[in-house]
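Structure first, commentary second.
Chains as they are written, first to last, in the working numbering: chain A, 30 to 424; chain B, 30 to 424.
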């Protein structure tokens, strides 16, 4: 029988061996106390800090003050976490309860030797090697169970870099409706800004949706069409089929997600409220959706009142007026939709949809050429909204 | 105080970690002789083969028959090679002469422990671990020197999976004008289809351009605006400054590049001739450009004649007529431009350009809202072309 002393000695030896093994092939990067703009090959931040000299970002080093929670560390979430890590984000919280499988090797990030490890642990290890300056907090659990949900919400509220402060942004990279609704519920309750993301089951479309509780449509106000089929990946797997996925679509959606995260946190460019991606035709619909006053989520309704109260106190700005001038449509759902894609374009686009397996829909299609129709730029989008809502009802 | 049970558990964990660490670099995943659609966790191709069941791709497994050359294995090229590897491409040829540096850690793919290794060797090692089914041919040299250029052209002509057949596609992921021109010269001479890609020095815009010698504008006919500053990264580095870069923009451009590669090779969706990305505003301009009959490259002119001869022999198709109907503009440059972005939009967009360092231009800007201007959908884009050409002349 081994003594505690023997076991402790064995642990020390193994730790040493592991350290040596990990340092093979080159110098592992050490922590860097301050981001520098110096242009030397050994500075991992030189090309990021160059964003300041280029006039894009005023204060790039401020990225170290921010905390982002990434929920779901699969095809989109893992790449999202890697991008933020390489950008030098202050802290990342990762949530997932899946294990790495060889079946995940068709997307970026995980490698075959990690098969069998939990996704959050495998991700944390790789990301710490890439950038030891980033702080991590990882949870290997399903956020939708009652206990875990409470813990999840607590970490969103208190997981920021400074003790007991909220995270700065939540990124949803989950693959099913239930988890999206859990994130939506939590963010509505605590008034947490977040970005939703998704990739369709046929692998050739995706979207991101920026959600500020009370100010924009929440996920329960009008869930995006990309989840319009009510079967999640787990159900599909049980039935011996699986959703298709491509490393391209997932990295592009992760890229859009993190690009808008950087724009939001570092205050440059315009944050896009809704950005779609149709890979078959390289079509990128954008729109902004106001919240639904009849939203099923009471916390969303409460946040809407709070937002209106805050707005009423603000002096009227030019920007504000511009928003009010936009052509909007209010129908029986009480949702105002400002779309850059017209009803007519959406209908015409139906013709381009490829033949798909039952239960699968293409979320976005490219408008057919409307070159002769000069009036098609913006018009009443009422029918389009009804059609959207019908699809949402089926979820 | 730790119990024996705890310590034994810790030892098991460490042993597992050590095992994983040691297996890095060795082939964990064994070769798979035939792509299968079987939905099991151990099948790395299940989610790709699902593209068939989803009605997106007729014959996904055909990807194994194709060879792609990736020139430049930096921020865009390394991710491009990884995506193709994970998609199960038959063979990859990689060309680069740079070493991995910590300064590259702000983009995806390379890791700190690879610092000092040549990019092509580091990439080959990682990619073989990810997918041992892919064949590799890597060259650690600069394609622009005379001897290397001849060898490079020879490998494009004869590097296909079947002995002495050409590669199926060349992807340009280089970061300077000289290397782009070398690829253009080679592809014009041998009539090789390729896709150009680029990311701006301010890191917030990029593009891809699909080039079929003789049929579309080549790089010498009308180089894209993204390289409108005539300083390459090497020059900048020598002067103690460096171009900015972001993992987001580079992965998005790589995603567009590989997505269009898949559409082209596997014959699904529409291949986009020119796709731009403006990260500040999430704007994605597209256009098609016909070749310049006065192009400086004689091989381009020869390919144009060959294309016209081939076209003359073809029976007139409906698709052909549609192209001829498009509103085009022919000016003194002899280039016909079919743009989805109008002159007016381009001018209005100037107002949104951020203040930039001298020598840096934003390649693409989002059109300002033209909601009241219904006539702006398509109009003569002559002025726009002149403006474009002026910028190109400065290169």
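Glycine residues also receive a C-beta, built at the ideal position from the N, C-alpha and C atoms.
Everything numeric in this text was worked out from a predicted model, so none of it was measured.
Query                                                                                                                                                                         : Result
Which of the three DSSP states is assigned to residue 307(B) in this structure?                                                                                               : strand
Examine chain A for any beta-carbon lying closer than 8 Å to the beta-carbon of residue 197(B), and answer yes or no.                                                         : no
What is the residue span of the beta strand (DSSP E) that residue 316(B) lies within?                                                                                         : 315 to 318
Identify whether residue 212(B) lies in helix, strand or coil by the three-state DSSP scheme.                                                                                 : helix
Do you know offhand how far residue 43(B)'s Cα is from residue 127(A)'s?                                                                                                      : 21 Å
Beta carbons nearer than 7 Å to chain A: which residues of the segment 299 to 328 of chain B have them?                                                                       : 299, 301, 304, 308, 309, 310, 311, 313 and 315
Identify which residue in 106(A), 276(A) and 212(A) has its Cα closest to the Cα of residue 221(A).                                                                           : 212(A)
Would you give the residue range spanned by the alpha helix (DSSP H) that residue 345(B) belongs to?                                                                          : Residue 345(B) -> no alpha helix (DSSP H), and no H or E assigned at all.
Based on Cα-Cα distance, which residue from 39(A), 155(A), 244(A) and 174(A) lies nearest to residue 324(A)?                                                                  : 244(A)
So which of 281(B), 57(B) and 242(B) has the shortest CA-CA distance to residue 318(B)?                                                                                       : 242(B)
Write down the C-beta distance between residue 248(B) and residue 218(B) rounded to the nearest angstrom, noting that I regard them as a contact closer than 8 Å.             : Between residue 218(B) and residue 248(B) the Cβ distance is about 13 Å, and since that is not below 8 Å, they are no contact.
Measuring only the C-alpha atoms, how far is residue 86(A) from residue 122(B)?                                                                                               : 37 Å
Take residue 173(B) as the anchor and find which of 328(B), 207(B) and 94(B) has the nearest alpha-carbon.                                                                    : 207(B)
Which bits of chain A does residue 158(B) rub up against, with CB to CB less than 9 Å?                                                                                        : 140, 141 and 142
Identify every residue that forms a DSSP beta bridge with residue 168(A).                                                                                                     : 124(A)
Which residues in the same chain as residue 287(A) place their Cβ atom closer than 7 Å to its Cβ, once the five residues preceding and following it in sequence are excluded? : 109, 112 and 113
Strictly under 8 Å for the Cβ-Cβ distance: is residue 93(A) near chain B by that measure?                                                                                     : no
Compile a chain-ordered list of the residues in the segment 270 to 284 of chain B whose CB is closer than 8 Å to at least one CB of chain A.                                  : 270, 271, 272, 273, 274, 275, 276, 277, 278, 280, 281, 283 and 284
If you reduce the DSSP assignment to three classes, tell me which class residue 32(B) lands in.                                                                               : coil
If I follow the unbroken beta strand (DSSP E) through residue 96(B), where does it start and stop?                                                                            : 96 to 100
In the DSSP output, what is residue 200(A) paired with across the bridge?                                                                                                     : 99(A) and 224(A)
Distance check for residue 216(A) and residue 328(A), CA to CA, integer angstroms please.                                                                                     : 9 Å
Using a threshold of 8 Å, state whether the C-beta atoms of residue 199(B) and residue 237(B) are closer than that.                                                           : no
Hey, how far is the Cα of residue 156(B) from the Cα of residue 316(B)?                                                                                                       : 34 Å
Please check if any C-beta of chain A sits within less than 8 Å of the C-beta of residue 83(B).                                                                               : yes
Is the CB of residue 43(B) under 8 Å away from at least one CB in chain A?                                                                                                    : yes
What does a CB cutoff of less than 7 Å around residue 353(A) pick up in its chain, not counting 5 residues either side in sequence?                                           : Bear in mind that the predicted position of residue 353(A) carries a pLDDT of just 37, short of 50, making it unreliable; the figure below should be weighed with that in mind. Within the same chain, residue 353(A) has no close Cβ partners at all.
Could you compute how far the alpha carbon of residue 291(B) sits from the alpha carbon of residue 297(B)?                                                                    : 8 Å
Can you give the beta carbon distance from residue 304(A) to residue 312(A), rounded, assuming they're within the 8 Å contact cut?                                            : In fact, because the Cβ distance is near 11 Å, the residues do not count as touching under 8 Å.
With DSSP collapsed to three states, give me the class of residue 312(B).                                                                                                     : strand
Which residues in chain A have a C-beta closer than 7 Å to the C-beta of residue 73(B)? List them in chain order.                                                             : 131, 132, 134 and 135
Can you tell me the Cβ-Cβ gap for residue 294(B) and residue 92(B), rounded? I've got them flagged as a contact below 8 Å.                                                    : 7 Å
Got a sec, what are the start and stop residues for the alpha helix (DSSP H) residue 106(A) sits in?                                                                          : 106 to 116
Alpha carbon to alpha carbon, what distance is there between residue 102(B) and residue 343(B)?                                                                               : 39 Å
Using only CA atoms, which one of 228(B), 271(B) and 133(B) lies nearest to residue 201(B)?                                                                                   : 228(B)
With a threshold of 8 Å between beta-carbons, can residue 68(B) be considered close to chain A, or not?                                                                       : yes
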